[in-house]
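Chemist: My questions will all concern the structure given below.
Number of protein chains: 2
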Amino acid sequence: MTPATQIYETTDVVSLYRGGRLPGLSLAWESWGKLNADRSNALLLFTGLSASAHAAASDRDNSPGWWEAIIGPGRAIDTDRYFVMCINAVGSCFGSTGPASPHPNTGQPWRLDFPEIAMEDTANAAHRLVEALGIERLAAVMGPSMGGMIALAYLKSHPHSAQRLGLISTTAASEPFALALRALQREAILTDPQFQAGQYDTDRGPDAGMRMARKLGMITYRSAEEWAERFGRRHQTQMKARPFRLRFEVEAYLETQAERFIGQFDPCAYLYLSQAMDAFDASDQDASLEAMFTRCFQGDALVLGVASDLLFPLKQQRALALAIDAGGGHAQFEAINSNKGHDAFLVDSKAFQTPIRRWLA
Amino acid sequence: MTPATQIYETTDVVSLYRGGRLPGLSLAWESWGKLNADRSNALLLFTGLSASAHAAASDRDNSPGWWEAIIGPGRAIDTDRYFVMCINAVGSCFGSTGPASPHPNTGQPWRLDFPEIAMEDTANAAHRLVEALGIERLAAVMGPSMGGMIALAYLKSHPHSAQRLGLISTTAASEPFALALRALQREAILTDPQFQAGQYDTDRGPDAGMRMARKLGMITYRSAEEWAERFGRRHQTQMKARPFRLRFEVEAYLETQAERFIGQFDPCAYLYLSQAMDAFDASDQDASLEAMFTRCFQGDALVLGVASDLLFPLKQQRALALAIDAGGGHAQFEAINSNKGHDAFLVDSKAFQTPIRRWLA
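Keeping their order, the protein sequence lines are chains A and B. The opening residue of the first sequence carries number 0 in numbering that gives the first Met the number 0; numbering runs sequentially from there. The opening residue of the second sequence carries number 0 in numbering that gives the first Met the number 0; numbering runs sequentially from there.
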């Protein structure tokens, strides 16, 4: 949580999408810009798996956010025009209720007693916040990666609740290649003896498992082409090599990235969100994806993808755009030219400025 | 080892490519067909990481081998014409000396006391065998995946020792994407507490680490496209699902494959061979890959690859073919049409028959 984090509390019992219940729910969010008089300029943004609601700097917190190049006065998501709300997902560990939150009865973290969560649960919590703000219809709902899944969940659970839909490097449902990679990340955490069936000490958790999970994630978030240019076969000298490990520069890079992540992200939050991404299917309540859009959305959609994305391949964004059009909406599909793979929206975010600006103009 | 395994012993001290020494060395191999009178029909075949020398059935062992569809009387590698020799790599655990072999002083497995090995060590051991058989020049040297690296090592260490060179789904040097994936497989084994710094019981080794290593391997040996067709998003029912695991069919498939592998392959053998693949660079003794071929090979080469191969991408085989041509040889490059990724040479081996037959005709 940052000084800019706001918390929206649901104090009633919350029924979850997969059948569980929570005695109440906190939703962490940040905002930029001002809601206009007729409350028609709200843009709702969801995040990728590992991000907080801090998408951009503000007066309350001037540290750069995860989408700093995109959000701000005069930027592609123009905070002079839009009231931008970014939501930390339910199940995460940056202010919203999740398995790392204290259980109300014991004060101890929920961990594996937390009920199964779904993309729809974040969507529903955000919808309650939107209603509480008196917003009848969003100007736009959008998100990259997991955030795109939640944006889809928002519309499927709350038909016609947004004028525009922005889907970036995301999918209506993961294919088995992505399922296998995420399952293996979870296995790394679950089989680390320090995981202790979820009863780990907060400051001495399953680091070895988290390290491997994050490395595997990172490997699939980037592209072979980028790494060939960036690292080649250079040996690393910045840290001590170990037997069978840390000989090449690419290994040291992953080690550093993974170490940084371990200190930030709760292992159980990772397990719950990862599983929720696997289970998500935008058309699970409809005969088809097209039927879902027919029922829920006929506005202007922007669908962006990156050809070097291994995890959310371009054909998935193409399929989304086709289904939106077939459902009566209007989708603008664009393949962003970047060798940064799935993470392009983060590390090559400038390449996303023009299409987003045009879509929101 | 199978009833058909032959062992070629080097009883002198063997100096290894990376500076280590072995007090002697066993090389496991199998053969098919007959060496002709002028000893000009020998074809030397090296294997992928996890294979034994049992590439095809024979009178001595009629169980199918790993390249059964390719090798045999009248097949693409025609054992009526060629004397085919398949070599189990040094460092492996199917008869050739490796970290799982008994240390001569203690009778206990070498494990982490085994010296670092290289692709060149298998090539050199195979060359001693070839010389012992009185073969002056091979009709062909070839191999898929790691076996292609060893075939390159053979030529680079023994210039002009083969008339033909066959390279299948292989590379002159791995790129950082492959390095990162192999390093992570090794990390899974090394961080499993049951690895015990290599002092594991033979029947109670680092199974959890090996399971993850093999799954990660399998994920990168196949393709997203194949799995989308084969598994889709179907839930599995063949084994008990566990929290956060084994919900989808693709997960059960990987679990079954990994379990099978754990019982067959020694963890230290995996570490040593995996590292040797990372370290291999066909041009490490020359100014360039072209210069290596100029120095070592001017024959007819066949270079095959598969567009869906993530780990040994097609551009690597294209680069090999270009370097062979530039070095004065003649390379026939072909992209095999298969969605089976790196494993296509094994699971779609019929697609490789025609180009191999034509090359050897």
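For glycine and all other residues, C-beta sits at the position ideal for the given N, C-alpha and C. Since the structure is predicted, the reported quantities are computational estimates derived from the model, not experimental observations.
1. Can you give the Cα-Cα distance for B:G262 and B:A125, rounded to whole angstroms?
2. Assuming B:T121 and B:I149 make a contact with CB atoms under 8 Å, what is their CB distance in whole Å?
3. Mind listing the chain B neighbours of A:A364? Cutoff is C-beta to C-beta under 7 Å, in chain order.
4. For B:T255, report the span of its alpha helix (DSSP H) as first-last.
5. Let's test the definition: count the other Cβ atoms within 10 Å of the Cβ of B:S62 and tell me whether it reaches 16, buried, or not, exposed.
6. Which whole-angstrom value describes the C-beta separation of A:F93 and A:A54, a residue pair presumed to lie in contact below a C-beta threshold of 8 Å?
7. Run through the region 117-200 of chain A for me and flag every whole beta strand (DSSP E) of 3 or more residues, listed as ranges in chain order.
8. Within a Cβ cutoff of 8 Å, which residues of the same chain sit near B:Q162, ignoring the five residues on either side of it in sequence?
9. Less than 8 Å between CB atoms is the rule here; does A:L215 satisfy it with respect to chain B?
10. Which residues share a DSSP beta bridge with A:G304?
11. So A:M397 and A:F279 are in contact, right, with Cβ under 8 Å, and what is the actual spacing, rounded?
12. Compare the Cα-Cα distances from A:Q256 to each of A:M217, A:L166, A:L288 and A:D283 and report the closest residue.
13. By how many angstroms is the C-alpha of B:E115 removed from the C-alpha of A:M84?
14. Which same chain residues end up closer than 8 Å to B:Q5 when comparing Cβ atoms and leaving out the 5 residues on each side of it in sequence?
15. Considering only residues of the same chain and omitting the five flanking positions on each side of B:G233, which have a CB-CB separation below 6 Å?
16. For chain A, check one thing: does any of its Cβ atoms lie closer than 8 Å to the Cβ of B:F113?
17. Around the Cβ of A:A360, are there at least 16 other Cβ atoms within 10 angstroms (buried) or fewer (exposed)?
18. Which class does A:C92 belong to by DSSP, given the choice of helix, strand or coil?
19. B:E186 touches chain A at which residues, Cβ-Cβ below 7 Å?
20. Check the Cβ-Cβ distances between A:R232 and every residue of chain B, and say whether any is below 8 Å.
21. If you count every other CB in all the chains shown that lies within 10 Å of the CB of A:P354, and 16 or more means buried, which is it?
22. For B:A322 versus B:E289, is the C-beta distance shorter than 8 Å?
23. What does DSSP give as the partner residue(s) for A:R84 in the beta ladder?
24. Provide the residue span of the alpha helix (DSSP H) that contains A:Y271, from first to last.
25. Determine which residues of the region 190-204 of chain B have a Cβ less than 7 Å from any Cβ of chain A, and write them out in chain order.
26. Leaving out five residues before and five after B:Y271 in sequence, what residues of the same chain have Cβ atoms less than 7 Å from its Cβ?
27. So, for B:G19: in the same chain, excluding its five sequence neighbours on each side, which residues have a beta-carbon less than 7 Å away from its beta-carbon?
28. Inspect the CB distances between the region 340-355 of chain B and the region 156-172 of chain B and report whether three or more fall short of 8 Å.
29. Between B:L253 and chain A, is any beta-carbon pair separated by less than 8 Å?
30. Using 8 Å as the limit for Cβ to Cβ distance, is A:Q284 near chain B?
31. Exposed or buried, B:P72, counting other C-beta atoms within 10 Å across all chains shown (16 or more means buried)?
32. Closer than 7 Å by beta-carbon distance: list the chain B residues that pair up with A:Q256, in chain order.
33. Kindly identify the DSSP beta-bridge partner or partners of B:I70.
34. Given that a residue counts as buried once 16 or more other Cβ atoms are within 10 Å of its Cβ, and exposed if not, what is A:P2?
Modeler: According to the data block:
1. Against the second sequence, residue 262 of chain B aligns to sequence position 263. Against the second sequence, residue 125 of chain B aligns to sequence position 126. Their Cα atoms are separated by approximately 27 Å.
2. By one-based count along the second sequence, residue 121 of chain B stands at place 122. By one-based count along the second sequence, residue 149 of chain B stands at place 150. Confirmed, Cβ separation roughly 5 Å.
3. The structure shown does not extend to residue 364 of chain A, since chain A is modelled only from 0 to 360, so the question has no answer here.
4. The residue labelled residue 255 of chain B in the question sits at position 256 within the second sequence. Unbroken alpha helix (DSSP H) run through B:T255: E248 to I261.
5. On the second sequence, residue 62 of chain B is found 63 positions in, with the first residue counted as 1. Counting Cβ neighbours within 10 Å, B:S62 comes out exposed, since fewer than 16 surround it.
6. By 1-based counting over the first sequence, the position of residue 93 of chain A is 94. By 1-based counting over the first sequence, the position of residue 54 of chain A is 55. That pair is no contact at about 12 Å.
7. 137-143 and 161-167
8. By 1-based counting over the second sequence, the position of residue 162 of chain B is 163. The residues are R136, L137, A138, A139, G298 and D299.
9. Reading the first sequence from its first residue, position 216 is the one you call residue 215 of chain A. Interface residue, yes.
10. Here residue 304 of chain A is taken as the residue at index 305 of the first sequence, counted from 1. According to DSSP, which records beta bridges pairwise, A:G304 is partnered with A:A334.
11. Nothing in the structure corresponds to residue 397 of chain A, since chain A is present only between 0 and 360.
12. Here residue 256 of chain A is taken as the residue at index 257 of the first sequence, counted from 1. Per the Cα distances, A:M217.
13. In the first sequence, residue 84 of chain A corresponds to position 85, counting from 1. In the second sequence, residue 115 of chain B corresponds to position 116, counting from 1. In a straight line, the C-alpha of A:M84 is about 55 Å away from that of B:E115.
14. What you label residue 5 of chain B is simply residue 6 of the second sequence in a count that begins at 1. Only A27, W28, E29 and S30 meet the Cβ criterion.
15. Translated into the one-based positions of the second sequence, residue 233 of chain B becomes position 234. Checking the displayed sequence, the identity of residue 233 of chain B turns out to be Arg instead of Gly. Excluding residues within five positions, the ones whose Cβ falls inside 6 Å are E248.
16. As a position in the second sequence, residue 113 of chain B is number 114, starting the count at 1. B:F113 does not count as touching chain A.
17. The residue given as residue 360 of chain A occupies position 361 in the first sequence. With fewer than 16 Cβ atoms within 10 Å of its Cβ, A:A360 is classed as exposed.
18. By one-based count along the first sequence, residue 92 of chain A stands at place 93. Three-state result, A:C92: coil.
19. Walking along the second sequence from the start, residue 186 of chain B turns up at place 187. The contacting residues are M211 and R244.
20. On the first sequence, position 233 is the one that residue 232 of chain A refers to. A:R232 counts as touching chain B.
21. For the purposes of this step, residue 354 of chain A is taken as the residue at position 355 of the first sequence. Label assigned to A:P354: buried.
22. Position 323 of the second sequence, counted from the start, is the residue given in the question as residue 322 of chain B. Position 290 of the second sequence, counted from the start, is the residue given in the question as residue 289 of chain B. Yes. Within cutoff.
23. Position 85 of the first sequence, counted from the first residue, corresponds to residue 84 of chain A. Per the sequence presented here, residue 84 of chain A reads as Met, with Arg not at that position. Answer is A:S30 and A:L43, bridged to A:M84.
24. Within the first sequence, residue 271 of chain A is the residue found at index 272, counting from 1. Per DSSP, A:Y271 belongs to the alpha helix (DSSP H) from P266 to A278.
25. T190 and P192
26. Here residue 271 of chain B refers to the residue found at position 272 when the second sequence is read from its first residue. The residues are G90, G97, P98, F113 and I116.
27. For the purposes of this step, residue 19 of chain B is taken as residue 20 along the second sequence, with counting starting at 1. Cβ within range, chain order: P114 and E115.
28. yes
29. Reading the second sequence from its first residue, position 254 is the one you call residue 253 of chain B. Closer than 8 Å: yes.
30. For this step, residue 284 of chain A is matched to residue 285 along the first sequence. With 8 Å as the cut-off, A:Q284 does not count as an interface residue toward chain B.
31. For the purposes of this step, residue 72 of chain B is taken as the residue at position 73 of the second sequence. By the 10 Å Cβ count, B:P72 comes out exposed.
32. Sequence index remark: in the first sequence, residue 256 of chain A carries index 257 (1-based). Those do not exist, as A:Q256 stays about 11 Å from chain B at its closest Cβ, beyond 7 Å.
33. Translated into the one-based positions of the second sequence, residue 70 of chain B becomes position 71. Per DSSP, B:I76.
34. Counted from its first residue, the first sequence places residue 2 of chain A at position 3. It counts as exposed.
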